[in-house]
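Single-structure report; data block below.
Number of protein chains: 2
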Amino acid sequence: CNSMKLSSVNPLVGDIMTSDVSIIQAEASFNDAAKTIMDKQFSHLPVVDKDNSLVGILTAWDISKAVAKAEYDLVKDIMTKDVVTTSPDEAIDIAAFKLDSNNVSALPVIDSKKKVVGIITSDDISKLLARRQ
Amino acid sequence: CNSMKLSSVNPLVGDIMTSDVSIIQAEASFNDAAKTIMDKQFSHLPVVDKDNSLVGILTAWDISKAVAKAEYDLVKDIMTKDVVTTSPDEAIDIAAFKLDSNNVSALPVIDSKKKVVGIITSDDISKLLARRQ
Ligand SMILES: C[S@@+](CC[C@H](N)C(=O)[O-])C[C@H]1O[C@@H](n2cnc3c(N)ncnc32)[C@H](O)[C@@H]1O
Chain A
368 CNSMKLSSVN PLVGDIMTSD VSIIQAEASF NDAAKTIMDK QFSHLPVVDK
418 DNSLVGILTA WDISKAVAKA EYDLVKDIMT KDVVTTSPDE AIDIAAFKLD
468 SNNVSALPVI DSKKKVVGII TSDDISKLLA RRQ
Chain B
368 CNSMKLSSVN PLVGDIMTSD VSIIQAEASF NDAAKTIMDK QFSHLPVVDK
418 DNSLVGILTA WDISKAVAKA EYDLVKDIMT KDVVTTSPDE AIDIAAFKLD
468 SNNVSALPVI DSKKKVVGII TSDDISKLLA RRQ
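So the protein sequences, as listed, match chains A and B. All the letters of the first sequence, read from the start, carry residue numbers 368 to 500 under UniProt numbering. All the letters of the second sequence, read from the start, carry residue numbers 368 to 500 under UniProt numbering.
Listed below in structure tokens is the structure:
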């Protein structure tokens, strides 16, 4: 076998996702979002409504874009509403395909009720490849 | 062989890096940086001095942090100066290890004269894993 070894079985999203993901409310301010991104050292925040259901995603890139356009609005005004998601029981290579084909760096992980249970990023997937030394 | 197949040989950074990377001058303004990040759709900008040598890295996360702290300074004031780098002939799994162990999402690719010849991100590495369909 000459292929690069990741593991002997195909891991699932639930095996490598970050469970203690920071989320933000759609009604939060632009500044709240920037503060959360700084404090939590996350570049991607799933956005939820009052019922804690996923309604969007906000990234450091969106903050930077809002700065460039001088549009300092609420999270709901600058977030991406059409979110590509995954679930804990999806295979990692499917999640990697979704990241690639949608040109995004992170997928919120949701349960059947659209509640956010984690996040998986291309950083997490890249880690699978890091040679442990 | 039960391992996930990436390719039959271990690819090099030079094989999958992005060569037409956008860079920014250390003396550029905060707003120039935000505009470049928006226009080029990149989250990570290698920062160069007047001789085009690498002196730092600036990311959308740094822009977001500057917003949170209300510090709208020059690129050189908000960039990360201690940059982890790679070279075109480094193996991908070493680059993945550097990303992981330094908790970063991108590595500028430099030549022997510290000139930036590309960038490699965890997105690029994650793509290796995406099942081509
Ligand atoms: C520590 S990470 C935390 C954010 C989050 N983990 C992410 O996905 O972007 C962000 C910081 O890493 C820095 N950084 C990014 N790439 C770097 C590199 N290759 N070498 C050194 N610092 C880097 C950025 O300038 C930024 O200040």
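No residue lacks a Cβ here, since even glycine has one placed at the ideal position from N, Cα and C. Every value quoted in this text rests on a predicted model; they were computed, and no experiment measured them.
heavy atom of ligand 1 below 7 Å from residue i C-beta
i	result
D490 (chain A)	yes
N469 (chain B)	yes
D440 (chain B)	no
D456 (chain A)	no
S420 (chain B)	no
residue 312 (chain A)	A query on residue 312 (chain A) cannot be resolved here, the shown segment of chain A reaching from 368 to 500 and no further.
Q408 (chain B)	no
T385 (chain A)	no
W428 (chain B)	yes
I487 (chain B)	no
Separation of residue j from residue i, as counted between CA atoms
i	j	result
D453 (chain A)	Q392 (chain B)	According to the sequence shown, residue 453 (chain A) is Thr rather than Asp. Those two C-alpha atoms are separated by around 38 Å.
S410 (chain B)	K480 (chain A)	32 Å
K418 (chain B)	V483 (chain B)	Going by the sequence as given, residue 418 (chain B) is Asp instead of Lys. Their backbone Cα atoms lie some 11 Å apart in a straight line.
L425 (chain B)	K448 (chain B)	9 Å
S389 (chain B)	A473 (chain B)	13 Å
K443 (chain B)	D490 (chain B)	26 Å
K494 (chain A)	A463 (chain B)	6 Å
A440 (chain B)	V415 (chain A)	Rather than Ala, the amino acid found at residue 440 (chain B) in this sequence is Asp. Answer to the nearest angstrom: the Cα atoms are 32 Å apart.
Closest Cα partner of residue i within the set the options
i	options	result
A437 (chain B)	A:K407, A:I383, A:I445, A:A401	A:A401
A433 (chain B)	B:I492, B:F397, B:D478	B:F397
L412 (chain B)	B:V380, B:S468, B:V450	B:V450
M446 (chain A)	A:V380, A:E394, A:T385, A:G381	A:E394
**Report entry** Chain-ordered residues of the segment 400 to 414 of chain A with a beta carbon less than 9 Å from chain B
**Finding:** Listed in sequence order: A400, A401, K402, T403, I404, M405, D406, Q408, F409, S410.
**Report entry** Start-end ranges of the beta strand (DSSP E) lying completely within the UniProt domain "CBS" (446 to 500) of chain A, minimum 3 residues
**Finding:** Scanning the UniProt domain "CBS" (446 to 500) of chain A from its first residue to its last, the whole beta strand (DSSP E) runs of 3-plus residues come out as 473 to 477, 483 to 488.
Requested in this report: With 8 Å as the limit, tell me which residues of the segment 470 to 497 of chain A have their beta carbon closer than that to any beta carbon of chain B; keep them in chain order.
Outcome: Taking 8 Å as the Cβ-Cβ cut-off against chain B, the residues of the segment 470 to 497 of chain A that qualify are S472, T488, S489, D490, I492, S493, K494, L495, L496, A497.
Query - Short-range partners of chain B found in the segment 433 to 463 of chain A, where Cβ spacing is below 8 Å - result: Residues of the segment 433 to 463 of chain A with a C-beta less than 8 Å from any C-beta of chain B: V434, A435, K436, I459, D460, I461, A463, listed in chain order.
Query raised in the report: Considering only residues of the UniProt domain "CBS" (384 to 441) of chain A, which uninterrupted beta strand (DSSP E) runs meet the minimum length of 3 residues and lie entirely inside it, listed in chain order?
Result: Correct list: 411 to 415, 421 to 426.
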